[in-house]
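Residue numbers (my numbering): 638 to 1199. A virtual CB, placed ideally from N, CA and C, is assigned to each residue, including glycine. To start, the structure under review is shown below, and the notes come after it.
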């Protein structure tokens, strides 16, 4: 059964439908009218109160070198021009919006002349004059004309489609229905024509999108030239001829952080690899630039601090202020049996106070905030290797290495990843080190050794008459097993409690020989020689005595802690 579709052409607004299909974010007729006016830029090309979006930077100068600091970067650019004798203004355009006024410097790289002054143009921007503005206007007018043709084409296609549906598929009149063959031919023609028109409509809509994307940045640039970057004007007094004018500026939004790999090699050696992780979201792509990383701090000049009176006994800080935790390894001196074997730095190292790593070749760092890790070099040290265990906290024996740090640069605080050969072990952080200091490293658990900590016995006694006292006696045994075929040295670390009350007394009942004091009060350390295929044992026994009421409240949790 054929369903006849009747659609009246009268009342159809094909122009409105064409505008809707183009999906423009601005009024095409209004924009074209304003562009046709001789007066310069439009006050608001889209009628929107929202701020104008930032456009990609369009620098008109060549990028040469970038020095990245911990919180900013110094960028070097240049322009080469033929300048007659006299004073001229050389404009550097398309610079990042985060350019700082401080640190601007111009130079004559090649040619004869001198720098008269350097000025950072206000971010409000200035309307381009003369040929530049006319070129923008002419290009924008050409695009609006193309968009007008697209709109007319879409309107024509919509009209053709409506004609097909209203005329060829109109309901039959008094003459009766047409022959079946005619109906089939008509439906086939209409179907193929509809498909062709739909394809043309899609093509025109896609062209409208492309033209609008090309036009919108031009309209923004005509209204706010700073949308494509900031400008710096360099006044040059030229003696005539070709002059290359250089510009150095500092920009925030750039930084670098040190990171390291410590790799345990065969033969009791450790390789320390140096890297710099560079990040910048200035919007400026550093393409094929000479890249350098500086350890200097540029966040403002610092005066020598002044000491104030240190009062004791009147409140305030007193003699001791604050508490902290000192790790066992932090107090270990640099090993005598460690030495620097090899140094291989690919980056040139400059400077005597702050260090500058100057990387070889040209580098590219995107300005979108993504990070890039660059290799700086490596050093190989002989290491003092041993094992350590804190079985109260972890039932594992860890591999450790200590090296005497040495090298052309101090070690800055940073993240550190450890490897045994090519196998990743873990990651952590390292503190600052200078030449001659010990650098302790951990290379994770050694599966060839085992450690257990067992509560052998726990006794509770009530002492005295009247005001009674309770005494707890704890006996722990730590066993280190070495099933391997090689003797091992293992440092075992444990502790006994330390009383903070006069009424609570802690006494050592018995300890295995050979212990020494650890870094914190109450911490004990044993240096064990564990023969191949044998065990080494540490026994630790102590008592805690306190009034019964204290024992029943504050000390009861010791049953859980131990």
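Based on DSSP bridge pairs, tell me the residues matched to residue i.
i, result
"residue 931", "993"
"residue 798", "DSSP lists no partner for residue 798."
"residue 623", "Residue 623 lies beyond the residue range present for the chain, which begins at 638 and ends at 1199; the question has no answer from this structure."
"residue 1040", "1076"
"residue 1184", "1106"
"residue 787", "Paired residue(s): none; residue 787 is not in a bridge."
"residue 981", "1015"
"residue 1021", "1039"
"residue 1272", "Since the first residue of the chain shown is 638 and the last is 1199, residue 1272 is not available in this structure."
"residue 860", "Answer is none; residue 860 lacks a bridge partner."
"residue 875", "723, 750"
"residue 1048", "1070"
"residue 882", "716, 745"
"residue 1053", "897, 1065"
"residue 892", "916"
Measure the alpha-carbon distance for residue i versus residue j and round it to whole angstroms.
i, j, result
"residue 881", "residue 699", "11 Å"
"residue 1047", "residue 1072", "7 Å"
"residue 583", "residue 1183", "Summary: the structure shown does not reach residue 583, with the chain confined to residues 638 through 1199, and so no result is reported for it."
"residue 757", "residue 1011", "32 Å"
"residue 752", "residue 729", "14 Å"
"residue 1105", "residue 1042", "57 Å"
"residue 1053", "residue 759", "44 Å"
"residue 834", "residue 803", "15 Å"
"residue 1109", "residue 1162", "23 Å"
"residue 657", "residue 782", "18 Å"
"residue 1207", "residue 1067", "Any answer about residue 1207 is impossible in this case: the structure gives the chain only from 638 up to 1199."
"residue 1133", "residue 1097", "17 Å"
"residue 972", "residue 1018", "12 Å"
"residue 965", "residue 1128", "Per-residue confidence for residue 965 stands at a pLDDT of 42, beneath the threshold of 50, marking its modelled position as unreliable; the derived number appears in the next sentence. Looking at the two C-alpha atoms, the distance is approximately 11 Å."
"residue 723", "residue 841", "54 Å"
"residue 870", "residue 1056", "52 Å"
"residue 1179", "residue 1059", "45 Å"
"residue 739", "residue 702", "18 Å"
"residue 990", "residue 928", "20 Å"
"residue 659", "residue 801", "23 Å"
"residue 749", "residue 755", "18 Å"
"residue 1187", "residue 1146", "21 Å"
"residue 1173", "residue 1135", "27 Å"
"residue 981", "residue 1044", "10 Å"
"residue 854", "residue 1051", "42 Å"
"residue 984", "residue 704", "13 Å"
"residue 650", "residue 852", "26 Å"
"residue 924", "residue 745", "23 Å"
"residue 779", "residue 673", "11 Å"
"residue 896", "residue 974", "26 Å"
"residue 1113", "residue 1027", "13 Å"
"residue 693", "residue 1034", "55 Å"
"residue 771", "residue 993", "47 Å"
"residue 816", "residue 792", "34 Å"
"residue 999", "residue 926", "5 Å"
"residue 1084", "residue 1118", "11 Å"
What's the call for residue i, buried or exposed, on a 16-neighbour Cβ count within 10 Å?
i, result
"residue 864", "buried"
"residue 934", "exposed"
"residue 978", "exposed"
"residue 1181", "buried"
"residue 715", "buried"
"residue 697", "exposed"
"residue 653", "exposed"
"residue 586", "Nothing can be reported for residue 586, as the shown portion of the chain is limited to 638 through 1199."
"residue 726", "exposed"
"residue 737", "exposed"
"residue 775", "exposed"
"residue 1031", "exposed"
"residue 1025", "buried"
"residue 1101", "exposed"
"residue 930", "buried"
"residue 784", "buried"
"residue 845", "buried"
"residue 1120", "exposed"
"residue 956", "Unreliable positioning characterises residue 956 in this predicted model, as indicated by a pLDDT of 36, which lies under 50. The coordinate reading is nonetheless provided below. Exposed, by the Cβ-count rule."
"residue 1004", "buried"
Within the region 1060-1091, ranges of the beta strand (DSSP E) (whole runs, at least 3 residues)
1060-1067, 1075-1082
Give, in chain order, every unbroken run of the alpha helix (DSSP H) that is at least 4 residues long and sits entirely within the region 693-777.
none
The region 869-889 touching the region 702-712, judged by at least three CB pairs closer than 8 Å:
yes
Check whether the region 901-909 touches the region 917-929, counting contact only when three or more Cβ pairs, one atom from each stretch, lie closer than 8 Å.
no
Continuous alpha helix (DSSP H) assignments of at least 4 residues falling wholly in the region 1093-1168
none
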